[in-house]
């Protein structure tokens with residue numbers, strides 16, 4: 003490689019929970035640089051999760067983290083051309099990519115829901131993912147199935 007890899011910039015932890023993962027999630031959710039709006043949406047969603055949760059021993063933030071880990075994929079398929087044919091090759095995912103993929107799926111499928119506000123959609127998707135259901139978890143299951151189906155091509159790994 004000619005160019006060096008970009009340095010990871012340190013993230014400031016969020017004001018309410020003092021957690022860098024929350025800031026990363028909010029940065030993914032933000033549109034047009036409106037971070038305060040994104041924070042409000044996230045915090046409102048966490049409050050809704052807190053109101054709707056069933057088990058009292060877990061906090062809303064822990065439920066969100068559970069939801070995120072339930073959505074995280076462990077393997078993915080990547081396209082690779084070998085002798086004119088394109089193969090889908092299953093590969094392990096780097097830890098930081100796992101997290102960002104899970105966040106993107108959670109936010110993306112929350113946006114596609116049909117509740118009234120984004121915070122309600124996000125809260126519903128978080129609660130569903132924490133219970134191992136919902137569209138984002140289905141996406142992870144499908145990704146794993148695809149990797150399993152293409153296990154025969156894993157010797158093409160690069």
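Numbering (this note's numbering), first residue to last: 3 to 160. Just so you know, even glycine gets a beta-carbon here, dropped at the ideal spot from N, CA and C.
inquiry  = Once DSSP output is grouped into helix, strand and coil, what is the label at residue 83?
reply    = Residue state, collapsed to three classes: strand.
Nearest-angstrom beta carbon gap, residue 111 and residue 132 [assumed within contact, 8 Å] = With a Cβ gap of about 14 Å, residue 132 and residue 111 do not count as contacting.
message = Less than 6 Å between C-beta atoms, sequence neighbours within five positions excluded: which residues of the same chain meet that for residue 69?
response = In chain order, 128, 131, 132 place their CB closer than 6 Å to the CB of residue 69, counting only its own chain and leaving out the 5 sequence neighbours on each side.
query = What are the start and end residues of each continuous alpha helix (DSSP H) run of 4 or more residues lying completely inside the stretch 23-91, in chain order?
reply = Runs found: 37-54, 62-73.
key: Of the residues 72, 18, 77, the one placed nearest residue 48, counting alpha carbons only   = Comparing Cα-Cα distances from residue 48 to each of 72, 18, 77, the minimum goes to 18.
ask   = Distance, Cα to Cα, residue 36 vs residue 26?
value = Straight-line Cα distance between these residues: approximately 14 Å.
message = For a quick check, are the C-beta atoms of residue 95 and residue 156 less than 8 Å apart?
response = No, the Cβ-Cβ distance between residue 95 and residue 156 is not below 8 Å.
query = Taking the alpha-carbon positions, what's the residue 15 to residue 22 distance?
reply = Going by the C-alpha atoms only, they are around 4 Å apart.
message = Measuring straight from C-alpha to C-alpha, what distance separates residue 103 and residue 126?
response = The straight-line gap from Cα to Cα measures roughly 19 Å.
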